[in-house]
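Visitor: Got a structure here, written out as structure tokens. Questions coming.
Number of protein chains: 2
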Amino acid sequence: MVSVMTEIDIHTQILEAAEARFQQYGYNKTTMAEISRDCDMSAANLYRYFENKLDIAAAISQQCLDEKELVLASVVHDASLSASEKLEGFVLEVLHYTYNHFDVSPKLSELVEAMSAHRPDMVAKHIGSKLKLLSELVEQGQKSGEFQLESVSETADGILTAIMLFYYPLTLKMFPLEVLEVKATNLCRLLLAGLTAR
Amino acid sequence: MVSVMTEIDIHTQILEAAEARFQQYGYNKTTMAEISRDCDMSAANLYRYFENKLDIAAAISQQCLDEKELVLASVVHDASLSASEKLEGFVLEVLHYTYNHFDVSPKLSELVEAMSAHRPDMVAKHIGSKLKLLSELVEQGQKSGEFQLESVSETADGILTAIMLFYYPLTLKMFPLEVLEVKATNLCRLLLAGLTAR
DNA sequence: ACGCTGAATATTCAATTAAATATTCAGCGT
DNA sequence: ACGCTGAATATTTAATTGAATATTCAGCGT
Numbered sequence: 000m001v002s003v004m005t006e007i008d009i010h011t012q013i014l015e016a017a018e019a020r021f022q023q024y025g026y027n028k029t030t031m032a033e034i035s036r037d038c039d040m041s042a043a044n045l046y047r048y049f050e051n052k053l054d055i056a057a058a059i060s061q062q063c064l065d066e067k068e069l070v071l072a073s074v075v076h077d078a079s080l081s082a083s084e085k086l087e088g089f090v091l092e093v094l095h096y097t098y099n100h101f102d103v104s105p106k107l108s109e110l111v112e113a114m115s116a117h118r119p120d121m122v123a124k125h126i127g128s129k130l131k132l133l134s135e136l137v138e139q140g141q142k143s144g145e146f147q148l149e150s151v152s153e154t155a156d157g158i159l160t161a162i163m164l165f166y167y168p169l170t171l172k173m174f175p176l177e178v179l180e181v182k183a184t185n186l187c188r189l190l191l192a193g194l195t196a197r
Numbered sequence: 000m001v002s003v004m005t006e007i008d009i010h011t012q013i014l015e016a017a018e019a020r021f022q023q024y025g026y027n028k029t030t031m032a033e034i035s036r037d038c039d040m041s042a043a044n045l046y047r048y049f050e051n052k053l054d055i056a057a058a059i060s061q062q063c064l065d066e067k068e069l070v071l072a073s074v075v076h077d078a079s080l081s082a083s084e085k086l087e088g089f090v091l092e093v094l095h096y097t098y099n100h101f102d103v104s105p106k107l108s109e110l111v112e113a114m115s116a117h118r119p120d121m122v123a124k125h126i127g128s129k130l131k132l133l134s135e136l137v138e139q140g141q142k143s144g145e146f147q148l149e150s151v152s153e154t155a156d157g158i159l160t161a162i163m164l165f166y167y168p169l170t171l172k173m174f175p176l177e178v179l180e181v182k183a184t185n186l187c188r189l190l191l192a193g194l195t196a197r
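Now the structure itself:
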């Protein structure tokens, strides 16, 4: 039992050390030796807890995505918001989350690159989660009579397609945040005009 | 007069030779020597007609964008289409145009990269043109009573934001064409639901 | 036996240099 | 003088190799 506890601790210890390094120096520039040193162990010992460096990055990235999904879920499940407010909150949350991530610690984009290249399933799963959340949101709006639409899944897919722009760092660097916020707001108004029952 | 004619011919001769090379081997791999050889002249002589290699690429890219804008304009100005049909045509045209470009001759993406990196104004101008076309489309729909909306410019901006996805080669390679077409259709339905007067 | 390490090996990265290419220019033929 | 070229120069790309890093593994201490 004690050994199990210890293993879990070491896992998280490694992840925390690695995350700090990735954040400050980026995925590519941090070495297994540095991570192991931060944990007072040999580099070889890291491999008793993770298959390889990419798996460490994947675990950290997964935490990140889980956290993001949690934030978005809290918007979708916030009982104090109307469906329209939820949609706008969802879109702005996506924009701000992505924007802050690449503004505060641009080094983390290396993690995105690595996962996109070597763990495409993870990215696909995340997209699926967001699609599910949007479906919930749309269905709630429909059930409450606030929205009026033909197909929940097609509508959710359409919304996700429309907000894809806010996931691309390239685009996000083309405009200042205020402009992006205006674009997000314009887009929401457009979408809501079609969804809202009249 | 004869010399002027000749100069124009040489210009187009160079552009055609370069375009063929760029299409087959890509921008990066074609050399000024090869282009000049195709035109039966020295490499030095190319510089009497274009400042540098990038300018040749820019001229070709501009032709390409002009052509694309012409196609989109023909959709917007097609009197036989309703405003809704124009919007759907516009979106599908963008999708197909981009898709075919990178499917038929993926090497041309090197031109896009080069222009994005070194001629950002060109890209911005093209976005502006599309925004103008969408504004026309929206305004026509409003004038005819088919659409009902608050602001033409904000609506056009929202639509352009929503269809940005269809400009990114990365995204286009994530899904097969049929899936993209479904996404485009879903998106159009969503947008039109909000625009169409009821 | 378990959890770890140091040293060995395999892979990746980075600095160096050689080669290819872009660009310039003095001067040739008309 | 005009339109062009070959050769010279500047810049970029590609190949090489040495160093750094990831990964493996035999074996040590408990």
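As you go down the protein sequences, you meet chains A and B in turn.
Going by numbering that gives the first Met the number 0, 3 is the number at position 4 of the first sequence; the sequence numbering is gapless.
Going by numbering that gives the first Met the number 0, 176 is the number at position 177 of the second sequence; the sequence numbering is gapless.
Glycine included, each C-beta is placed from N, C-alpha and C at the ideal position.
These numbers were taken from a predicted model, which means no experiment stands behind them.
According to the neighbour-count rule (16 or more other Cβ atoms, all chains shown, within 10 Å of its Cβ), is SER2 of chain B buried or exposed?
Guide: For the purposes of this step, residue 2 of chain B is taken as the residue at position 3 of the second sequence. The predicted position of SER2 of chain B is uncertain, since its pLDDT is 37 and thus under 50; a value taken from the coordinates is nonetheless stated next. The residue in question, SER2 of chain B, is exposed, as its Cβ has fewer than 16 Cβ neighbours within 10 Å.
Visitor: Here's the rule I'm using: 16 or more other beta-carbon atoms within 10 Å means buried, otherwise exposed. How should PHE146 of chain A be labelled?
Guide: Counting from 1 along the first sequence, the entry for residue 146 of chain A is found at position 147. PHE146 of chain A should be labelled buried.
Visitor: Check whether the stretch 73-81 of chain B and the stretch 35-45 of chain B touch, using three or more Cβ-Cβ pairs below 8 Å as the test.
Guide: Contact between the stretch 73-81 of chain B and the stretch 35-45 of chain B is absent, because fewer than three Cβ pairs lie under 8 Å.
Visitor: Which two residues bound the contiguous alpha helix (DSSP H) that contains LEU86 of chain A?
Guide: Counting from 1 along the first sequence, the entry for residue 86 of chain A is found at position 87. 82-103 is the extent of the alpha helix (DSSP H) around LEU86 of chain A.
Visitor: Secondary structure at PHE174 of chain B, three-state DSSP: helix, strand or coil?
Guide: Indexing the second sequence from 1 puts residue 174 of chain B at position 175. Residue state, collapsed to three classes: coil.
Visitor: Please look up how many angstroms separate the CB atoms of ILE199 of chain A and LEU132 of chain A, rounded, as I've assumed it's under 8 Å.
Guide: With chain A represented from 0 up to 197, any question about residue 199 of chain A goes unanswered, as that position is not in the structure.
Visitor: In the DSSP assignment, find the unbroken alpha helix (DSSP H) run with GLY140 of chain A in it and report its ends.
Guide: Sequence index remark: in the first sequence, residue 140 of chain A carries index 141 (1-based). 119-142 is the span of the alpha helix (DSSP H), which, as asked, contains GLY140 of chain A.
Visitor: At which residues does the alpha helix (DSSP H) containing ILE59 of chain B begin and terminate?
Guide: The residue you call residue 59 of chain B lines up with position 60 of the second sequence. It spans 52-75 - the alpha helix (DSSP H) in which ILE59 of chain B sits, taken as one unbroken run.
Visitor: Under a CB-based cut-off of 8 Å, is ILE55 of chain A close to chain B?
Guide: Counting from one through the first sequence, the residue named residue 55 of chain A turns up at place 56. For ILE55 of chain A, the answer is no, since every Cβ of chain B falls outside 8 Å of its Cβ.
Visitor: DSSP has THR195 of chain B in a bridge; who is on the other side?
Guide: Position 196 of the second sequence, counted from the start, is the residue given in the question as residue 195 of chain B. For THR195 of chain B, which the question treats as bridged, DSSP gives the partners B:PHE146.
Visitor: Contact between the stretch 81-91 of chain A and the stretch 18-30 of chain A is defined here as three or more beta-carbon pairs at a separation below 8 Å; is this criterion met?
Guide: Because the criterion of three Cβ pairs below 8 Å is not met, the stretch 81-91 of chain A and the stretch 18-30 of chain A do not touch.
Visitor: Going by C-alpha to C-alpha distance, which of A:THR29, A:ARG20, A:ALA192, A:TYR46 sits closest to ILE9 of chain A?
Guide: Mapped onto the first sequence, residue 9 of chain A falls at position 10. Out of A:THR29, A:ARG20, A:ALA192, A:TYR46, A:TYR46 has the C-alpha closest to the C-alpha of ILE9 of chain A.
Visitor: Say whether the stretch 163-172 of chain A touches the stretch 126-142 of chain B, bearing in mind that this needs 3 or more beta-carbon pairs closer than 8 Å, one atom from each stretch.
Guide: The stretch 163-172 of chain A is not in contact with the stretch 126-142 of chain B.
Visitor: Would you verify that the beta carbon of TYR167 of chain A is, or is not, closer than 8 Å to some beta carbon of chain B?
Guide: Translated into positions along the first sequence, residue 167 of chain A becomes position 168. Closer than 8 Å to some Cβ of chain B, the Cβ of TYR167 of chain A qualifies, so yes.
Visitor: Got a sec: is the Cβ-Cβ distance from ARG188 of chain B to anything in chain A below 8 Å?
Guide: Residue numbering aside, residue 188 of chain B sits at position 189 when the second sequence is read from its first letter. Chain A, which has a Cβ nearer than 8 Å to the Cβ of ARG188 of chain B, makes this yes.
Visitor: Using 8 Å for Cβ pairs, my map puts PHE49 of chain A next to VAL93 of chain A. What's the rounded Cβ distance?
Guide: On the first sequence, position 50 is the one that residue 49 of chain A refers to. On the first sequence, position 94 is the one that residue 93 of chain A refers to. Wrong, their Cβ atoms sit about 30 Å apart, outside the cutoff.
Visitor: What are the start and end residues of the alpha helix (DSSP H) that includes MET31 of chain B?
Guide: If you number the second sequence from 1, residue 31 of chain B lands on position 32. It spans 31-37 - the alpha helix (DSSP H) in which MET31 of chain B sits, taken as one unbroken run.
Visitor: Mind checking whether LEU159 of chain A and LYS129 of chain A have CB atoms under 8 Å apart?
Guide: The residue labelled residue 159 of chain A in the question sits at position 160 within the first sequence. The residue labelled residue 129 of chain A in the question sits at position 130 within the first sequence. Cβ distance < 8 Å, so LEU159 of chain A and LYS129 of chain A count as in contact.
Visitor: I think LEU91 of chain A touches ALA183 of chain A, with their Cβ atoms under 8 Å apart; what is that distance to the nearest whole Å?
Guide: Sequence index remark: in the first sequence, residue 91 of chain A carries index 92 (1-based). Sequence index remark: in the first sequence, residue 183 of chain A carries index 184 (1-based). Indeed, because the Cβ distance is near 6 Å, the residues count as touching under 8 Å.
Visitor: Nearest-angstrom Cα distance between ALA16 of chain B and LEU179 of chain B?
Guide: Residue mapping note: residue 16 of chain B aligns to position 17 of the second sequence, counting from 1. Residue mapping note: residue 179 of chain B aligns to position 180 of the second sequence, counting from 1. Computed Cα separation, rounded: 34 Å.
Visitor: Have a look at A:GLU18, A:THR11, A:GLY193 and flag the residue whose alpha-carbon is nearest the alpha-carbon of SER104 of chain A.
Guide: Taking the first sequence and counting its residues from 1, one reaches residue 104 of chain A at position 105. When each option's Cα is compared against that of SER104 of chain A, the closest is A:GLU18.
Visitor: So what does DSSP say about ILE162 of chain B, is it helix, strand or coil?
Guide: Along the second sequence, read from residue 1 onward, the residue named residue 162 of chain B stands at position 163. Reduced to three states, the DSSP call for ILE162 of chain B is coil.
Visitor: May I ask you to report which of helix, strand or coil DSSP gives LYS106 of chain A?
Guide: Here the question's residue 106 of chain A lines up with position 107 in the first sequence. Residue state, collapsed to three classes: helix.
Visitor: Any Cβ of chain A within less than 8 Å of the Cβ of MET163 of chain B?
Guide: Taking the first residue of the second sequence as position 1, residue 163 of chain B is located at position 164. By this cut-off, MET163 of chain B is an interface position.
Visitor: Please look up how many angstroms separate the CB atoms of LEU189 of chain B and GLY144 of chain A, rounded, as I've assumed it's under 8 Å.
Guide: Here residue 189 of chain B is taken as the residue at index 190 of the second sequence, counted from 1. Here residue 144 of chain A is taken as the residue at index 145 of the first sequence, counted from 1. Contact doesn't hold; Cβ gap of about 19 Å is too wide.
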